[in-house]
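Enquirer: Have a look at the structure that comes next, please.
Residue numbers (my numbering): 8 to 98.
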């Protein structure tokens, strides 16, 4: 299964970065039915066809995702959208 692993530095506090990730997770739930739950400072998310995590560190955000077979052809588009969102919120 195709995997995505993107790390983006940030200059927010962990609480501020978690708040941003919460906002993004709420939109992912609305648009795609993505469910998520926090485990320490990592948001674990899933829905049919994709699962992964968004780890909030003191100086970086790391997004990892594993795509199912149906989303394999869209890996480039999914990865590009993740990078765009990270740039939008953490640049």
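Beta carbons: idealized from backbone N, C-alpha and C, even for Gly.
With distances taken from CA atoms, which of 14, 49, 73 is nearest residue 56?
Expert: Counting from one through the chain shown, the residue named residue 56 turns up at place 49. When only C-alpha atoms are compared, the closest one is 73.
Enquirer: Output needed for residue 82: all residues of its chain with C-beta closer than 8 Å, excluding positions within five of it in sequence on either side, in chain order.
Expert: Position 75 of the chain shown, counting from 1, holds the residue named residue 82. Here the set comprises 9, 11, 74.
Enquirer: Would residue 15 pass as a contact of residue 93 if the rule is Cβ separation under 8 Å?
Expert: Looking up residue 15 in the chain shown gives position 8. Looking up residue 93 in the chain shown gives position 86. A contact, by the Cβ cut-off of 8 Å.
Enquirer: Over what stretch of residues does the alpha helix (DSSP H) that includes residue 98 continue unbroken?
Expert: Along the chain shown, read from residue 1 onward, the residue named residue 98 stands at position 91. No alpha helix (DSSP H) holds residue 98; DSSP gives it neither H nor E.
Enquirer: Report buried or exposed for residue 40, applying the criterion of at least 16 other Cβ atoms within 10 angstroms of its Cβ.
Expert: As a working note, residue 40 is residue 33 in the chain shown. Residue 40 should be labelled exposed.
Enquirer: For residue 84, count neighbouring C-beta atoms within 10 Å of its own C-beta (all shown protein chains included) and say buried if the count is 16 or more, exposed if not.
Expert: Counting from 1 along the chain shown, the entry for residue 84 is found at position 77. Burial call: exposed.
Enquirer: Can the beta-carbon of residue 19 be found closer than 8 Å to that of residue 32?
Expert: As a first step, residue 19 must be located in the chain shown, where it is residue number 12. As a first step, residue 32 must be located in the chain shown, where it is residue number 25. Not closer than 8 Å, so no.
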